[in-house]
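Reading through the structure tokens given below for one structure.
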Amino acid sequence: MKYLIWLCRIVLGGLFIFSGVVKANDPLGLTYKMTEIFDIWGMSGLGKYAEVLSIAMIAFEIIGGVAVIVGNSFRLYISLMLLLNIFYTFLTYYALTSGKVKECGCFGDCIKLSNEATFYKDVALTAINLFLWIFRYRVFPIFNNAKINMYIVVGAAVIAFGGQWYTLHYLPIHDCLPYKAGNNIWSKMQASEGATAAEYKTVLTYSKNGVKKEFTTEEFNKEKIWEDPAWKFDTSISTLVKEATGQPEIPKDFALNDLKGEDKTEEVLTAKGYTFMWFVREPATANLKNMDRLKNIIAKAGTMNVKFIVLCSAGADICQTYQEVWGMKDVTFYTLDGVVSKTAMRSNPGLMLLNDGNVVGKWSYLSYPKDIVLDNGKLNTK
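Written out as structure tokens, the structure reads:
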């Protein structure tokens with residue numbers, strides 16, 4: 001029993017630490033997923049707390065995982081983890097059966113798991129967690145010195161919160177999204193040859209005279225249920241039958257329109273040479289630190305025949321107003337959907353450099369290059 005308990009501690013604690021570290025690389029990913037789920041549940045008002053909740057949840061996964069392995073305040077942490085695992089299991093079951101949540105994002109954007117795999121993973125973890133909770137009085141700390149155990153957990157907390165602070169203010173240490181360095185955005189927007197769409201099976205539940213009945217879409221259309229007002233809609237559940245293949249990694253929503261409303265997406269993304277793209281999501285709240293560096297890049301780029309454009313996530317009139325406020329009348333502005341912008345660039349604002357359409361660099365507002373130098377046709381940043 002002793003060795004089984006140790007094995008369960010390592011598995012449960014290790015997976016929680018791994019999950020937390022992966023998500024800490026990009027806390028905004030979990031924030032956006034939480035916001036999406038709140039919207040689905042009709043609880044949009046909680047969206048403003050999503051970032052704080054995601055930071056706390058990620059930190060707890062790391063801290064709790066370390067505490068379970070070390071054995072510090074084990075009974076407290078194993079109880080809290082059990083509650084969290086039960087919630088995760090409910091959430092993944094909802095995602096699996098409702099068809100409303102495409103991915104739960106349990107390992108962020110770096111490791112994709114299907115909703116089915118995620119659900120069974122959570123069931124297994126909950127079972128392990130429950131086992132440890134039942135035998136919680138048989139678990140003892142690794143070290144006899146309580147201070148050492150406490151310092152290890154405190155150290156984990158510092159790393160958990162400090163790491164998230166860094167990635168929130170700068171950019172993810174490891175970029176797992178399709179806009180990462182090395183990718184060609186325009187190419188990622190194209191479907192592969194022989195691409196197939198995902199196939200879903202939808203089951204509609206209607207009630208009549210207090211009796212519920214399920215229909216496939218074929219049965220629903222064949223029996224023309226909608227023509228009988230006695231049938232009342234209850235639920236609709238769609239399950240994935242066949243995964244899509246060869247579909248674009250970047251949606252067509254990555255559309256760049258000039259301030260006159262003309263689509264310039266292909267023109268911008270397939271342009272030869274270097275192009276700086278300054279992503280500004282929500283201009284009114286954009287952090288304007290290091291604008292002197294940015295203005296220096298704009299000035300230097302103009303002398304090197306290097307393009308500098310702004311991708312503004314607001315209405316054309318608002319973007320034009322900020323174009324004047326920021327003293328960028330000579331810089332070309334394009335509008336870009338805000339949801340797409342926050343996926344392509346986690347910071348607001350942030351800078352991206354393309355070369356022949358390929359992403360070669362990304363910087364948050366805290367890390368703009370101090371200088372740029374064109375050497376034998378190659379642009380170097382300092």
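Note that full-length UniProt numbering numbers the sequence shown so that position 136 is 136, with each residue one more than the last. Note that beta-carbon positions come from the ideal geometry of N, C-alpha and C, so glycine has one too.
The secondary-structure analysis by DSSP pairs F276 across a beta bridge with F308, L353. Scanning its chain for C-beta atoms nearer than 7 Å, with the 5 sequence neighbours on each side dropped, one finds around L53 the residues M34, in chain order. Burial of N149 is indicated by the presence of at least 16 other C-beta atoms within 10 angstroms of its C-beta. By the criterion of a C-beta distance shorter than 6 Å, Q323 is surrounded in its chain by F333, once the five residues flanking it on both sides are discounted. The Cβ atoms of G64 and F16 lie closer than 8 Å to each other. In terms of Cα proximity to P283, the closest of L311, A301, Y166, R293 is L311.
Secondary structure of V373 (DSSP, three-state): strand. By the C-beta density criterion, D253 is exposed, having fewer than 16 other C-beta atoms within 10 angstroms. In the DSSP assignment, S54 falls within the alpha helix (DSSP H) that extends over 50–70. Annotated three-state conformation of S364 is strand, per DSSP. Contact annotation: R136 and F74 have beta-carbon atoms nearer than 8 Å. In the structure shown, S114 adopts coil according to DSSP, grouped into three states. Pairwise C-beta distances place the stretch 269–285 out of contact with the stretch 233–250, as fewer than three of them are shorter than 8 Å. Along the stretch 192–245, the beta strand (DSSP E) occurs as fully enclosed runs of 3 or more residues at 199–208, 211–216, 232–242, listed in sequence order. Residue burial annotation: S192 is exposed, with fewer than 16 other C-beta atoms found within 10 angstroms of its C-beta.
Assigned with DSSP and collapsed to three states, D263 falls in strand.
Counting C-beta atoms within 10 angstroms of its own C-beta, K2 has fewer than 16 neighbours from the protein chains shown and is therefore classed as exposed. Annotation for Y3: the continuous alpha helix (DSSP H) segment containing it runs 2–24. When the five nearest sequence neighbours on each side are left out, the beta carbons in the same chain lying within less than 7 Å of the beta carbon of I10 are those of I69, in order along the chain.
Annotation for Y334: the continuous beta strand (DSSP E) segment containing it runs 332–335.
Of the candidates S207, I237, K224, I185, I185 places its Cα closest to the Cα of M345. Contact between the stretch 116–132 and the stretch 147–166 is absent, with fewer than three C-beta pairs closer than 8 Å. In this structure the stretch 333–342 does not touch the stretch 287–305; the number of beta carbon pairs closer than 8 Å is below three. Across the structure, P369 and N25 are spaced so that their CA atoms are roughly 22 Å apart. When DSSP states are grouped into helix, strand and coil, K33 belongs to the helix group.
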